[in-house]
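Count along the sequence shown from 1, add 116, and you get the number used in my numbering.
Okay, structure first, notes after.
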Amino acid sequence: LFTTTMSTVIGTATAIALARYKFRGRGFYNGFMMLPMMMPDIVLGIGLLIFFVTLGMNLSMLTIIIGHCTFLTSYVFIIVQARMAGLDPALEEASADLGASELTTLRKVLLPQLAPGIMGGALLAFVISMDDLVITYFVSGTGDTTLPVFIFGMIRRGVKPEINAIATLLILASVVIAALGLWLRSRKID
117 LFTTTMSTVI
127 GTATAIALAR
137 YKFRGRGFYN
147 GFMMLPMMMP
157 DIVLGIGLLI
167 FFVTLGMNLS
177 MLTIIIGHCT
187 FLTSYVFIIV
197 QARMAGLDPA
207 LEEASADLGA
217 SELTTLRKVL
227 LPQLAPGIMG
237 GALLAFVISM
247 DDLVITYFVS
257 GTGDTTLPVF
267 IFGMIRRGVK
277 PEINAIATLL
287 ILASVVIAAL
297 GLWLRSRKID
């Protein structure tokens, strides 16, 4: 939940900034945001491990959170950026013409229009984070584990009924999240 929240905030803010503000290096930064999605998980996991070791950080829950935020932000960014492309900038201009501050325009005009994209990005980030094994395996410490790493450790000792039960619960959770996403998409936002 924490990585989903952080990734959603960072990805949304980055998408808004790159869509609405012109600055030097904007194209480079746009490409840089897509890099973690294009990179194989094992390469990203090893790169993050080398980065953390070079900094002298102990592998812990913090490194798992940083690692997940590194690649989940890209997914949220892409989805919110796609939603931003379909928005009419005239609504923001009208808000400014009517005397609204930038913060009020953001809160009352832009974010409500982006809400489906933000929710879609957050749900996708949650499902990917919940399912990630490769990157988490490289950046987790000895006492810190996530469910996929726990299942991987259990399955190495043989398939037990507990693994089947956990896998069934994961599938059920994924279906519930997908259904929530479809329900949110079907709602009309005024």
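Backbone N, C-alpha and C fix where the C-beta goes; we use that ideal spot for every residue, glycine too.
If you're wondering where the values come from, they're calculated on a predicted model, not measured in any experiment.
For residue i, the nearest candidate out of the options (CA to CA)
i	options	result
Phe254	Ala201, Ala231, Met177	Met177
Met173	Met270, Phe268, Leu151, Ser256	Ser256
Leu203	Ala295, Ala135, Leu249	Ala135
Ala198	Phe167, Thr261, Thr221, Leu230	Leu230
Asn159	Lys138, Gly183, Leu288, Phe139	Residue identity check: residue 159 is Val in the sequence provided, not Asn. Measuring from the Cα of Val159, the nearest candidate turns out to be Gly183.
Thr309	Met150, Ile180, Leu286	With the chain running from 117 to 306 in the structure shown, residue 309 is simply not present.
Residue i versus residue j - alpha carbon distance
i	j	result
Met122	Cys185	7 angstroms
Pro277	Leu263	16 angstroms
Ser290	Gly269	21 angstroms
Asp213	Ala283	54 angstroms
Asn146	Ile279	40 angstroms
Pro156	Arg223	36 angstroms
Ser302	Ile267	35 angstroms
Leu240	Gly163	23 angstroms
Leu288	Met150	30 angstroms
Arg140	Leu219	24 angstroms
Arg273	Leu117	29 angstroms
Ile271	Thr221	52 angstroms
Thr170	Pro205	44 angstroms
Asp260	Ala133	35 angstroms
Phe148	Leu286	32 angstroms
Asp247	Gly143	31 angstroms
Leu296	Tyr137	33 angstroms
Ser281	Ser217	Note that residue 281 is Ala in the sequence shown, not Ser. The straight-line gap from Cα to Cα measures roughly 52 angstroms.
Beta-carbon proximity check, residue i vs residue j, cutoff 7 angstroms
i	j	result
Ile251	Gly161	yes
Ala131	Phe187	no
Gly235	Ser190	It should be noted that the sequence gives Met, not Gly, for residue 235. Not in contact: Met235 and Ser190 (Cβ atoms no closer than 7 angstroms).
Ser245	Thr119	yes
Glu209	Val225	no
Ile195	Val243	no
Thr124	Ala201	no
Distance between beta carbons of residue j and residue i, contact taken as under 8 angstroms
i	j	result
Val300	Pro232	As written in the sequence, residue 300 is Leu, which differs from the Val given in the question. Yes, they are in contact, since the Cβ atoms of Leu300 and Pro232 sit about 7 angstroms apart, within 8 angstroms.
Leu249	Val275	Actually they do not touch by this definition, with Cβ atoms about 17 angstroms apart.
Phe168	Leu175	6 angstroms
Any chain D beta carbon closer than 7 angstroms to residue i
i	result
Thr179	The question asks about chain D, but that chain is absent: this structure has only one protein chain.
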